[in-house]
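**Student:** Shown below is the structure under consideration.
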Amino acid sequence: MSHHIDLEDIRSEFPALHQLVYNKPLVYLDNAATTQKPTSVIKRMFQYYEQENSNIHRGVHHLSQQATEAFEAARAYVANLIHAQYAHEVIFTRGATEAINLVASSLGELLLQTNDSVLVTAMEHHSNFVPWQQLCKRKNAHLLTLPFSREGELDLEEYAALLAKNPKIVAFTHISNTLGTINPIREMIGMAHEKGIPVLIDGAQSIAHKAVDVQDLDCDFFVFSAHKAYGPMGAGVLYGKQKWLDQMPPYQYGGEMVDKVSISQTSFNVLPFKFEAGTPDVAAVLGMETALRFISDVGYDWIGNHEHQLVDYATTELSQIADIRFFGQSAHKASVVSFLVGQIHPFDLGTLLDKMGVAVRTGHHCAQPVMDFYGIHGTVRASFALYNTIEEVDVFVSAVKKAVRMLS
Amino acid sequence: MTTAEIQQQIIDEFSAFDDWMDKYNLLIEMGKDTPVIDAQYKTNNHLISGCQSRVWLHASFTDNKVFFTADSDAIITKGIVNLLIRVLSGQSPDTILAADMGFLDQIGLKEHLSPTRSNGLLSMIKQMKMYAQVFKLKMA
């Protein structure tokens, strides 16, 4: 896209960015946890409750039909954005975590037998680790874990060796929330498919930063949450290939997912409704559509370039600090910088940064196996979004320097 | 000194500073000289849950008074722990159980008292009171 983007215009669309924290301008660098929301998203949800609220897929009345159309239009938009072949391959969930739990439970039921295995990586968020671990426990199956290097990269030779053990399902993240590594997912999907193994991609950290084409990637499942992509909390997407979704048993029961019910048995609705039990968060789904349109309007090319500049600049500037250690130094990195300075505890650093108006995440980032690998208890993580500025990086870096002086 | 007197003393020390940086510098200094816990008690048994930083707390009972020692791997947490120990260590179980730790608010550390903070300050106070309760029962 060749249109001109003005960063100040973008920032003006995010009301939450324009506030003081302890009398200092907020510098929000916790975007990998959740992003702020543009006015268009907030207004869209407000408008739904003000004018369109009605239960979907049921009523013959005007409002219900209007809400149903808006909801299904959101599905079509998401399908189009991620290049799904069919709109009914897009299942709305509460978020990426629920989507993964759905697949682990339902596909796990379909494919996994005693002594089978599931392959994940050691850099997964707990949400793409624990559902598989618990599935394996229930099924007396084995969880295989692909390790990563000191730099934070997966080794494709080791991956091939683990695939040789014939896992029934492979699941891994597109982008690591802790290390920032962008994994070579297309190649990894291809390698699994050579052995006929279905692959789930955790796109929670990628949908706000990188264009996704599920047909080009050929992944079997792709999940993400709206709230990490400028949308509301409480909505997310499970994309699944029709051939899998058709075979998989329902995950939850009741409401729209039911076709016919008698006292003795129930038949289930077609896709996508089979996996959407109960009344969904319609406002959140509409807010998610608005958020994804916002991303699309700015453009993934612009976002990628801008965030790359921010990460490069932050890394270069932070590198001047004595005894700083970065976690995740892959050549292919998204907008995350994870670090520690000397013996300083991340909680201390985070507390002082907070007092200076800088919001970062400290701790294990819901990826304890990653912390175990490095033998640490946590890191400080700054994660960038399309609205962050070079000036904010300057404020952040000088705040880190000041905090380090105080704690040394 | 009573716990109220010690709390007032701490409030006076902190009130010398207006700037948050000076207050935190003082807290960091206090974190450097916490009565460090005996190495044998720095085990998972003495770890307080709910803390992003690790906090170990030990209590002993002598002459009807409770004595606390503690340590943390984070220095600000250690500074806060030190304040708690200054107020509560060497007091009777009843005094500890009745103690109101409102001084933390007055010295500008209110945000650390929020139950949503993962520094576990509230768990720490709760644990100290729990020890006092146990010793009180032993006395009876």
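For the protein sequence lines, the chains are A and B, in the order given. Going by the working numbering, the first sequence opens with residue 96, and the numbers climb by one from there. Going by the working numbering, the second sequence opens with residue 9, and the numbers climb by one from there. Where is the CB? At the ideal position from N, CA and C, for every residue including glycine. In this text the structure is predicted, and so the values were computed from the model without any measurement.
From the DSSP output, in three-state form, read off F93/B for me.
**Tutor:** Just to set this straight, residue 93/B is Ile in the shown sequence, not Phe. DSSP places I93/B in helix when its eight states are reduced to three.
**Student:** Helix, strand or coil: which one does DSSP assign to D125/A?
**Tutor:** strand
**Student:** Going by DSSP in three states, H220/A sits in which element: helix, strand or coil?
**Tutor:** coil
**Student:** Should K134/B be labelled buried (16 or more other beta-carbon atoms within 10 Å of its own) or exposed?
**Tutor:** exposed
**Student:** Which ranges does the alpha helix (DSSP H) cover as unbroken runs of at least 4 residues, wholly within the region 168–252 of chain A, from first to last along the chain?
**Tutor:** 191–206 and 225–234
**Student:** Going residue by residue through the region 49–107 of chain B, where are the continuous alpha helix (DSSP H) segments of at least 4 residues, counting only ones entirely within it?
**Tutor:** 83–96 and 101–106
**Student:** Across which residues does DSSP place R420/A in a beta bridge pair?
**Tutor:** L435/A
**Student:** Three Cβ pairs or more, each shorter than 8 Å: is that satisfied between the region 398–415 of chain A and the region 157–170 of chain A?
**Tutor:** no
**Student:** Work out the CA separation of I83/B and A107/B for me, nearest whole Å.
**Tutor:** 25 Å
**Student:** Mind pulling the chain B residues with CB within less than 8 Å of Y117/A?
**Tutor:** W28
**Student:** Is the Cβ-Cβ distance between G190/A and S320/A less than 7 Å?
**Tutor:** yes
**Student:** Would the beta-carbon of D376/A fall within 7 Å of that of G329/A?
**Tutor:** The answer is yes: Cβ separation under 7 Å.
**Student:** Can a CB atom of chain B be found closer than 7 Å to the CB of F434/A?
**Tutor:** no
**Student:** Whole angstroms are fine: how far does the CA of Q208/A sit from the CA of N223/A?
**Tutor:** Straight-line Cα distance between these residues: approximately 20 Å.
**Student:** Does the beta carbon of N114/B sit closer than 7 Å to a beta carbon anywhere in chain A?
**Tutor:** Strictly speaking, residue 114/B in this sequence is Gln, with Asn absent from that position. Output row for Q114/B: interface = no.
**Student:** Less than 8 Å between C-beta atoms, sequence neighbours within five positions excluded: which residues of the same chain meet that for K234/A?
**Tutor:** G203, L207, Q208, T209 and D211
**Student:** Closest Cβ-Cβ distance between K369/A and chain B: below 7 Å?
**Tutor:** no
**Student:** Which chain A residues sit within Cβ distance under 9 Å of G84/B?
**Tutor:** It is Ile, not Gly, that sits at residue 84/B in the sequence shown. H440, F442, D443, T446, L447 and L502, listed in chain order.
**Student:** At least one CB of chain B closer than 7 Å to the CB of G458/A: is that the case?
**Tutor:** yes
**Student:** Taking the alpha-carbon positions, what's the R106/A to Q114/A distance?
**Tutor:** When only Cα atoms are considered, R106/A and Q114/A end up about 12 Å apart.
**Student:** Is the Cβ-Cβ distance between H220/A and A462/A less than 7 Å?
**Tutor:** yes
**Student:** Roughly how many angstroms separate the alpha carbons of I186/A and M138/B, rounded to a whole number?
**Tutor:** If you take the alpha carbons of I186/A and M138/B, they lie about 49 Å apart.
**Student:** Would you please verify whether the beta carbon of D81/B is less than 7 Å from any beta carbon of chain A?
**Tutor:** yes
**Student:** Distance cutoff 7 Å, beta carbons only. Does K496/A sit that close to anything in chain B?
**Tutor:** no
**Student:** Under 7 Å between C-beta atoms, does K263/A make it to chain B?
**Tutor:** no
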